[in-house]
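Throughout the sequence shown, residue numbering follows our numbering, covering 1 to 246 in sequence.
Using N, Cα and C, we set each Cβ at its ideal position, and we do this for glycine too.
Treat the numbers as computed from the prediction; the structure is a model and nothing was measured.
Take a look at the structure set out below.
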Amino acid sequence: MDKDKINKILKKDIDNEKLKKILLYFLAFFIPILVIIIIFAYLKVYPFGEYTYLPIDSYDQYISFLKYFKYIFLGDEGIFYSLGKSLGGETYGLIAYYLLSPFNLIALFFEDGNMSLAFSIILTLKMGATGLSMMYYLNRNKKVKFTNLIFAFSYVFCSYIITYGFNIMWLDSVIFLPIVVASIEDIIKEKKYLKYVIVLVFTLITNYYIGFMVCIFSAIYFVYKLLLYKPENRKEVLKRIRNFYD
């Protein structure tokens, strides 16, 4: 077999692998969205019926916060202070904890009376993004194959998300977690820190509460993965741990 034929075969294999990866990303994002839509339709959640998916704090607080987020962009509310907060008060904590997710921009396109629909769309898109981020991690560490979808969907529909998914401000950290883990592995294998720093910063910005827990997990996971990777000697282990925590 001549060199040109070998190159054609290799190129064809590479192209097929790329197409398979794109398809897996597509399915990992859209299938969770489709599942949530089917569930909402079955339960007659608006716009498929008269009910809304607004359990506990999402009904009492989050809808109002999304409206406030929209009012900031319209110029009707201030970023740093609001008279609508009880008798008036600063809004640093409110914004930092609830409203820094880029998904909240969806609320800008909805009237106040339809904010429950905006909430459902934000939740649905975050579920899709969670599947996408896990698929990114799986495609890095395993051969690109369709069985990866099983693990991606297991992550999307894990008990934590099913139980606490209505706390939409917590889901951004769940989306970022697989990328944080991938970044830690890059540090260990290639000593590349930049991606880890950037992703962790975004994790903390979108929600510092769950982001702090991701930081704790990262500290533990780094040591575990480093020992598993078996560096050259004990001194190297201590040096890399020190560099990571610095």
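Does the Cβ of Lys-70 have 16 or more other Cβ atoms within 10 Å, making it buried, or fewer, making it exposed?
buried
Determine which residues share a DSSP beta bridge with Val-45 and list them.
Tyr-51
Determine the direct distance from the alpha carbon of Lys-18 to that of Ile-187, and round the result to whole angstroms.
25 Å
Inter-stretch contact at 8 Å, needing at least 3 Cβ pairs: the region 162-181 / the region 38-50:
no
Proximal residues to Leu-108 (C-beta, below 7 Å), its chain only, five neighbours per side dropped:
Lys-70 and Phe-73
Quick one: is Ile-6 buried, meaning 16 or more other Cβ sit within 10 Å of its Cβ, or exposed?
Note that Ile-6 scores 43 on pLDDT, short of 50, meaning its location in the model is unreliable; the coordinates nonetheless yield the value given after this. With fewer than 16 Cβ atoms within 10 Å of its Cβ, Ile-6 is classed as exposed.
Report the rounded CA-to-CA distance for Ile-122 versus Ile-168, giving the unit in angstroms.
8 Å
Need the endpoints of the alpha helix (DSSP H) that Gly-128 sits in, please.
115-141
Does the beta-carbon of Gly-75 have 16 or more other beta-carbons within 10 angstroms, so that it is buried, or is it exposed?
exposed
In chain order, what are the residue ranges of uninterrupted alpha helix (DSSP H) at least 4 long that sit wholly in the region 176-242?
194-206 and 208-229
Helix, strand or coil for Glu-17? Go by DSSP, reduced to three states.
helix
Return the first residue and the last residue of the alpha helix (DSSP H) that Phe-65 is part of.
63-74
Hey, how far is the Cα of Leu-24 from the Cα of Phe-30?
10 Å
Measuring CA to CA, which of Met-213, Ser-120, Phe-212 and Gly-128 is closest to Tyr-51?
Ser-120
Using CA atoms only, rank isn't needed, just tell me which of Leu-83, Pro-55 and Leu-54 is closest to Tyr-68.
Leu-83
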